[in-house]
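Protein chains in written order, with my numbering: chain E, 5 to 198; chain U, 5 to 198. C-beta atoms are modelled at their ideal positions from N, C-alpha and C, and glycine is treated no differently.
Protein chains: 2
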Amino acid sequence: MARTAGSHSDITGPRVREAALSLFAQHGYAAVSMRQIAKEVGVQAGALYNYTPDKQSLLFDLLRGHMDELLSARAKELVPDTPVAQLEAFSKFHIRFHLERPLSVFISYMELRNLTPENFVTIEELRRKYEGQLETILRDGHEAGAFQVADTKITTLAIIAMLNGVNTWYRSGGRLSLPEVEAIYWDMVRKAVT
Amino acid sequence: MARTAGSHSDITGPRVREAALSLFAQHGYAAVSMRQIAKEVGVQAGALYNYTPDKQSLLFDLLRGHMDELLSARAKELVPDTPVAQLEAFSKFHIRFHLERPLSVFISYMELRNLTPENFVTIEELRRKYEGQLETILRDGHEAGAFQVADTKITTLAIIAMLNGVNTWYRSGGRLSLPEVEAIYWDMVRKAVT
DNA sequence: GTCTATAGATTGATAGAC
DNA sequence: GTCTATCAATCTATAGAC
Numbered sequence: 005m006a007r008t009a010g011s012h013s014d015i016t017g018p019r020v021r022e023a024a025l026s027l028f029a030q031h032g033y034a035a036v037s038m039r040q041i042a043k044e045v046g047v048q049a050g051a052l053y054n055y056t057p058d059k060q061s062l063l064f065d066l067l068r069g070h071m072d073e074l075l076s077a078r079a080k081e082l083v084p085d086t087p088v089a090q091l092e093a094f095s096k097f098h099i100r101f102h103l104e105r106p107l108s109v110f111i112s113y114m115e116l117r118n119l120t121p122e123n124f125v126t127i128e129e130l131r132r133k134y135e136g137q138l139e140t141i142l143r144d145g146h147e148a149g150a151f152q153v154a155d156t157k158i159t160t161l162a163i164i165a166m167l168n169g170v171n172t173w174y175r176s177g178g179r180l181s182l183p184e185v186e187a188i189y190w191d192m193v194r195k196a197v198t
Numbered sequence: 005m006a007r008t009a010g011s012h013s014d015i016t017g018p019r020v021r022e023a024a025l026s027l028f029a030q031h032g033y034a035a036v037s038m039r040q041i042a043k044e045v046g047v048q049a050g051a052l053y054n055y056t057p058d059k060q061s062l063l064f065d066l067l068r069g070h071m072d073e074l075l076s077a078r079a080k081e082l083v084p085d086t087p088v089a090q091l092e093a094f095s096k097f098h099i100r101f102h103l104e105r106p107l108s109v110f111i112s113y114m115e116l117r118n119l120t121p122e123n124f125v126t127i128e129e130l131r132r133k134y135e136g137q138l139e140t141i142l143r144d145g146h147e148a149g150a151f152q153v154a155d156t157k158i159t160t161l162a163i164i165a166m167l168n169g170v171n172t173w174y175r176s177g178g179r180l181s182l183p184e185v186e187a188i189y190w191d192m193v194r195k196a197v198t
């Protein structure tokens, strides 16, 4: 059956999320109006409500989608045998994944406080699940004598913070290639725990 | 001469900035209204404009004040002789200073994009001035053979990012004391560059 | 599915009384 | 210096025509 004229559900939906992602990253969730998002998409503000029940859901879907992608991409990675190789794989995966989607990474950190309390809990659980994977690697490696870490929990957070820092300065096509960046950071991580 | 009844310029001014700092940190600049700030201070919204020309100036004054304090506190520190000792002093100073004022640190990072372009430039210059001090230490130490760094600029940013990460989890009165935290992070920094 | 129009609330900032 | 009152703009979200 022919589609109704002006019906673009399957392409407008993703475009709404893309526009929201871009604008939230640039100006912040609270500073962006539904009218701005609509303008970016090329529709009127009212039409957005065919794709999201409200503005909050738009933000939550972006953050949950990002965390889901992160965990499923990580789950598809091979798990090396030794703790050192596992830490290397984690570090390089983290850098690569995060550099591929800087906007999602940015709002996932910056807009946490604009989630409703229930939505915040959901995202936080996913984040802790991810960080727990690094913590497990460090603890196992510490017990096996492969790492020297003063405090597993703090070392986990310190490594994540250091790796996340890449996103503040890296631009593709810049001075360093992705493999070079991975190598430099892996070198620092490796030395910091051995 | 007796003060006019209801005149509290010298105490209300700081209280306005304190309230703005607290609320901006909790909810974000764009999400906080002048009426909310006024309520926190205990005055009506109109009275705020005796202390700030507008909302933007309130944000800018907080960020500039923070950077000024950072640079002047750093300038008062003793400068050790060796690169390693200088890096240790910088790392511990950075942690201590930032843990003492978590709210200012938080908004100084989160609210940069809500500054007007001119105000943004001013803050960025101050931030680069501070980071340049760490970069100088690393470069001098590298040339003297005290450090092994693959890339001075990136190592600077990686160390800053790692140290900044303390603020995401540290709570005074928690499991670890400030000197313990300083020691753990200094250990990681030291190992990462040697 | 998108439009126009609008309800109802809230915003930053100002004016003028005290 | 603070108050009340208010302006003009903007916001999210909805209703109803097409």
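7 Å CB neighbourhood of residue i in its chain, flanking five on each side removed
i: residue 135 of chain E; result: 160, 164
i: residue 152 of chain U; result: 197, 198
i: residue 127 of chain E; result: 67, 68, 71, 116, 119
i: residue 97 of chain U; result: 78, 81
i: residue 74 of chain U; result: 101, 134
i: residue 55 of chain U; result: 16, 17, 20
i: residue 99 of chain U; result: 167, 170, 185, 186, 189
i: residue 148 of chain U; result: 87
i: residue 59 of chain E; result: 38
i: residue 130 of chain E; result: 71, 75
i: residue 52 of chain U; result: 20, 38, 41, 42
Interface partners of residue i on chain U, CB under 8 Å
i: residue 41 of chain E; result: Simply none; closest approach about 15 Å.
i: residue 191 of chain E; result: 154
i: residue 161 of chain E; result: 169, 172, 173
Chain U residues whose Cβ lies nearer than 7 Å to that of residue i
i: residue 195 of chain E; result: 195, 196
i: residue 188 of chain E; result: 154, 155, 158
Close beta carbons around residue i, own chain, < 8 Å, minus the five adjacent residues each side
i: residue 82 of chain E; result: 93
i: residue 110 of chain U; result: 29, 171
i: residue 139 of chain E; result: 156, 157, 160
i: residue 103 of chain U; result: 170, 171, 174, 176, 182, 185
i: residue 143 of chain E; result: 156
i: residue 65 of chain E; result: 21, 56
i: residue 27 of chain E; result: 36, 40, 41, 44
i: residue 34 of chain U; result: 118
i: residue 137 of chain U; result: 78, 94
i: residue 89 of chain E; result: none
Neighbour list for residue i in chain E, Cβ cutoff strictly below 9 Å
i: residue 31 of chain U; result: 34, 117, 118
Chain E contact residues for residue i, given Cβ-Cβ distances below 7 Å
i: residue 114 of chain U; result: 114
Where residue i meets chain U, residues with beta-carbon distance less than 9 Å
i: residue 165 of chain E; result: 165, 166, 167, 168, 169, 170, 172
Environment of residue i [buried if 16+ CB atoms lie within 10 Å]
i: residue 186 of chain U; result: buried
i: residue 84 of chain E; result: exposed
i: residue 6 of chain U; result: Caution applies to residue 6 of chain U, whose pLDDT of 40 falls short of 50 and renders its modelled position unreliable; the value that the coordinates give is listed next. With fewer than 16 Cβ atoms within 10 Å of its Cβ, residue 6 of chain U is classed as exposed.
i: residue 77 of chain E; result: exposed
i: residue 23 of chain U; result: buried
i: residue 45 of chain E; result: buried
i: residue 125 of chain E; result: exposed
i: residue 162 of chain U; result: buried
i: residue 48 of chain E; result: exposed
i: residue 112 of chain E; result: buried
i: residue 50 of chain E; result: exposed
i: residue 178 of chain U; result: exposed
i: residue 32 of chain E; result: buried
i: residue 108 of chain E; result: buried
i: residue 37 of chain E; result: exposed
i: residue 95 of chain U; result: buried
i: residue 8 of chain E; result: Residue placement at residue 8 of chain E cannot be trusted, given a pLDDT of 46 that sits under 50; what the coordinates show is reported in the next sentence. The residue is exposed, with fewer than 16 neighbouring Cβ atoms inside 10 Å.
Same chain only: Cβ atoms within 6 Å of residue i, ignoring 5 sequence neighbours per side
i: residue 145 of chain U; result: 87, 151
i: residue 61 of chain U; result: none
Kindly provide the ranges of any alpha helix (DSSP H) runs that are 4 or more residues long and lie completely inside the stretch 54-99 of chain E, ordered along the chain. Counting only runs of 4 or more residues that sit fully inside the stretch 54-99 of chain E, the alpha helix (DSSP H) segments are 59-79, in chain order.
Complete beta strand (DSSP E) runs within the stretch 114-174 of chain U (minimum length 3 residues, chain order): Not a single unbroken stretch of the beta strand (DSSP E) spanning 3 or more residues falls wholly within the stretch 114-174 of chain U.
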